[in-house]
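Student: Following this message is one structure expressed as structure tokens.
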Amino acid sequence: DGERITAARQRDQMMEEHQAHIRKLEKEIQNGREKSEGLERDLQHKTQEHKDHVELSDARAKNAKEEHEALAADLNKKLDANRETIERLEKEVAEKGESIESLKSEATQMMLAHTQEVDNMTRDHTMEIETLKF
82 DGERITAARQ
92 RDQMMEEHQA
102 HIRKLEKEIQ
112 NGREKSEGLE
122 RDLQHKTQEH
132 KDHVELSDAR
142 AKNAKEEHEA
152 LAADLNKKLD
162 ANRETIERLE
172 KEVAEKGESI
182 ESLKSEATQM
192 MLAHTQEVDN
202 MTRDHTMEIE
212 TLKF
């Protein structure tokens with residue numbers, strides 16, 4: 082009889098330990114699930130932030146490109162107008178018999194200045210577009 086009682090107590094002790102271990106594992110599983118859910122929410126949030134950033138960057142790059150194209154068109158118009166001015170001045174000089182070299186130099190300086198302006202603006206806008214791409 083004593084052996085049965087001892088065996089029963091040992092069995093009960095083992096059962097309690099086993100149940101305690103199961104409860105501990107269940108708690109670890111629950112903690113793991115909660116942590117996983119938190120990480121999932123963080124991932125979704127970061128993914129949305131990234132998508133928003135990409136959309137904003139794309140919009141900025143598109144705007145910068147459109148501004149660059151409009152500015153380039155405007156500067157090309159100015160260059161064309163300067164060429165027309167040069168041609169007109171050359172005709173006037175020829176008609177009046179004045180020194181064409183002096184006026185050519187002035188017109189060339191104007192054209193070089195505008196060409197430099199176009200080059201600078203193009204470089205600035207290209208750098209701006211490249212910056213917005215990344």
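With the numbering used here applied, the sequence shown corresponds to residues 82 to 215, in that order.
For glycine and all other residues, C-beta sits at the position ideal for the given N, C-alpha and C.
Taking the alpha helix (DSSP H) that residue 123 falls in, what are its first and last residues?
Tutor: 83 to 177
Student: Mark residue 145 as exposed unless 16 or more other C-beta atoms lie within 10 angstroms of its C-beta, in which case mark it buried.
Tutor: buried
Student: Does the distance from the CB of residue 188 to the CB of residue 212 come in under 8 angstroms?
Tutor: Cβ distance not < 8 angstroms, so residue 188 and residue 212 don't count as in contact.
Student: From residue 93 to residue 103, what distance separates their C-alpha atoms?
Tutor: 15 angstroms
Student: From this set, 118, 156, 83 and 149, which residue's C-alpha is nearest residue 192's C-alpha?
Tutor: Taking only the C-alpha atoms, the option nearest residue 192 is 156.
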